[in-house]
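Per the numbering used here, residue 17 is the first one in the sequence shown, and the count goes up by one each step. Cβ atoms here follow ideal geometry from the backbone N, Cα and C, with glycine treated the same way. Every value quoted in this text rests on a predicted model; they were computed, and no experiment measured them. These notes are about the structure you will find just below.
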Amino acid sequence: MTTATTRTFRLAAALAVAGAAMTMLAPAATAQTASPPAYPTKPVRWVVGYPAGGGTDFLARTAGAQLSQQLGQPVLVDNRPGAGAIIASENVARSPGDGYTVFSADNGVLVYNPALYKKLPYDAEKDFALIGMMGRSPLIITAAPGTGFTDAKALIAALKASPGKYSIATPGTGSPHHLAYELFQREAGVSMLHVPYKGGAPALQDLMGNQVPLMMLDLPSGISAVKAGKVVPLLAMSAERVPQLPQLPTAKELGYAVEAYTWQGLVAPTATPKAIQARLGTDLLKSMNDAGVKQKLYDAGWEARPTDAADMGRLVESERKKWHALIKARDIKLD
């Protein structure tokens, strides 16, 4: 074999080996650039920071059932009540950001708590990825049947005539209901005695039993009592009249700059991949815009208010500015 022939043979062999190596590496390279596995491939856990059977739980189960159809996987509600949803908030903040944990975050979790507590086991701005808004409920000043109050103007006249005489119940200090009362009291120039309860149910029970004259009520918690005539709704803190109670005037109609709701949005751990956040947001919007879901929420006292993550972010930001200023001015602290 000549020297030239030998060189040609060796070159051909080297090229063959290199080609084989490239062929062997191709699957590995493809695997590295391939799309992530389809989502979801297992049930999604929906955390609720309040007990089963309440308004937040109802909204989560109603929306979750429809979201399950969109995702093609079960959505399982996980109730973790306690400490004004702080326990649930911490649980979600520490959960893997894999798309299999979502959380019903209300204005207490995202807006009020950071201003009410010096220290929290979660960071409302850093620990959660916003998915979208779901619904809201107006807060309503409601009277016990034995008070004799039947309209808002008579109530306000009585409050102005006797500062500090009337007490008003809320589900607790720092709740949306309490802060709505503080805002109304300031704007209307009246003075009431705040009676914080450990939850809305015992407060409503005492209102129906004439143990307390007034309550700042969210409609989902009291819609059955309102329909049955066991309590008397007087004044809504909403921007427009409450669809379920169109005869009820708003504070704005009477000249008071008061607008307050309890609202619910959906969030996920902040490390959740952007693509999964987008998928959840799209499917949540479809779920909340379903006619059947809207009707169920309406019947339960909710108003469906679906938005995307960007609109939710703008709402949270504006709410923080508004309510943090009030909390500071009224010197409300929980620790």
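Under the three-state reduction of DSSP, which class applies to residue i: helix, strand or coil?
{"i": "L342", "result": "helix"}
{"i": "M149", "result": "strand"}
{"i": "Y277", "result": "strand"}
{"i": "R77", "result": "helix"}
{"i": "R61", "result": "strand"}
{"i": "A170", "result": "helix"}
{"i": "V283", "result": "strand"}
{"i": "T189", "result": "coil"}
{"i": "T72", "result": "helix"}
{"i": "M40", "result": "With a pLDDT of only 35 at M40, under 50, the local geometry of the prediction cannot be trusted, and no value is derived from it."}
{"i": "P362", "result": "Within the shown structure, residues of the chain are numbered from 17 to 351, placing residue 362 beyond reach of any answer."}
{"i": "E333", "result": "helix"}
{"i": "I184", "result": "strand"}
{"i": "A159", "result": "strand"}
{"i": "A320", "result": "strand"}
Are the beta-carbon atoms of residue i and residue j separated by less than 8 Å?
{"i": "Q89", "j": "K302", "result": "no"}
{"i": "E198", "j": "R346", "result": "yes"}
{"i": "P322", "j": "G148", "result": "yes"}
{"i": "L223", "j": "T166", "result": "no"}
{"i": "V127", "j": "I172", "result": "no"}
{"i": "P59", "j": "L83", "result": "no"}
{"i": "A168", "j": "P285", "result": "no"}
{"i": "V332", "j": "A320", "result": "no"}
{"i": "A398", "j": "M232", "result": "Only positions 17 to 351 of the chain appear in the structure, and residue 398 is not among them; the question remains open."}
{"i": "P192", "j": "G124", "result": "yes"}
Here's a check: name, in chain order, each residue in its chain whose Cβ is nearer than 7 Å to the Cβ of residue i, leaving out the five neighbours to either side.
{"i": "N107", "result": "V63, R96"}
{"i": "A241", "result": "L220, M224, V247"}
{"i": "L136", "result": "I102, N129, P130"}
Using the Cα positions of residue i and residue j, report the straight-line distance between them to the nearest angstrom.
{"i": "Y314", "j": "R152", "result": "10 Å"}
{"i": "D94", "j": "G271", "result": "42 Å"}
{"i": "S334", "j": "G180", "result": "31 Å"}
{"i": "A140", "j": "V118", "result": "14 Å"}
{"i": "P112", "j": "L155", "result": "35 Å"}
{"i": "M328", "j": "G188", "result": "25 Å"}
{"i": "F200", "j": "N305", "result": "32 Å"}
{"i": "G216", "j": "K337", "result": "26 Å"}
{"i": "E275", "j": "Y116", "result": "35 Å"}
{"i": "A101", "j": "D324", "result": "23 Å"}
{"i": "A131", "j": "L75", "result": "26 Å"}
{"i": "H194", "j": "K243", "result": "24 Å"}
{"i": "L300", "j": "R61", "result": "14 Å"}
{"i": "A291", "j": "I239", "result": "39 Å"}
{"i": "A34", "j": "P56", "result": "Because the pLDDT at A34 is just 41, under 50, the model does not fix this residue reliably, and the value given afterwards should be weighed accordingly. In a straight line, the C-alpha of A34 is about 40 Å away from that of P56."}
Within a Cβ cutoff of 8 Å, which residues of the same chain sit near residue i, ignoring the five residues on either side of it in sequence?
{"i": "T72", "result": "V64, G65, Y66, S120, D122, Q280"}
{"i": "G245", "result": "P161"}
{"i": "S183", "result": "M208, L209, H210, V211, V228, P229, L230"}
Name the two residues that bound the continuous alpha helix (DSSP H) containing residue i.
{"i": "M224", "result": "216-224"}
{"i": "T298", "result": "290-304"}
{"i": "L199", "result": "192-204"}
{"i": "P259", "result": "Per DSSP, P259 belongs to no alpha helix (DSSP H) and is neither H nor E."}
{"i": "A252", "result": "No alpha helix (DSSP H) holds A252; the beta strand (DSSP E) holding it covers 248-252."}
{"i": "L136", "result": "Run containing L136: none; DSSP gives neither H nor E here."}
Any C-beta of chain B sitting closer than 8 Å to the C-beta of residue i?
{"i": "K181", "result": "Absence of chain B from the displayed structure is noted, only one protein chain being present."}
Would you give the residue range spanned by the beta strand (DSSP E) that residue i belongs to?
{"i": "N95", "result": "91-95"}
{"i": "D234", "result": "230-234"}
{"i": "P212", "result": "209-212"}
{"i": "V108", "result": "Run containing V108: none in the beta strand (DSSP E); it sits in the alpha helix (DSSP H), 102-109."}
{"i": "A307", "result": "Run containing A307: none in the beta strand (DSSP E); it sits in the alpha helix (DSSP H), 307-315."}
{"i": "A121", "result": "117-122"}
Could you check if residue i belongs to the surroundings of the ligand PLP, using beta carbon to heavy atom distance under 7 Å?
{"i": "D94", "result": "No copy of the ligand PLP occurs in the structure displayed, which carries no ligand at all."}
For residue i, I'd like the list of residues in its chain whose CB is within less than 6 Å of its CB, leaving aside the five on either flank, ordered along the chain.
{"i": "L264", "result": "P249, A252, V258"}
{"i": "D351", "result": "Y133, K134"}
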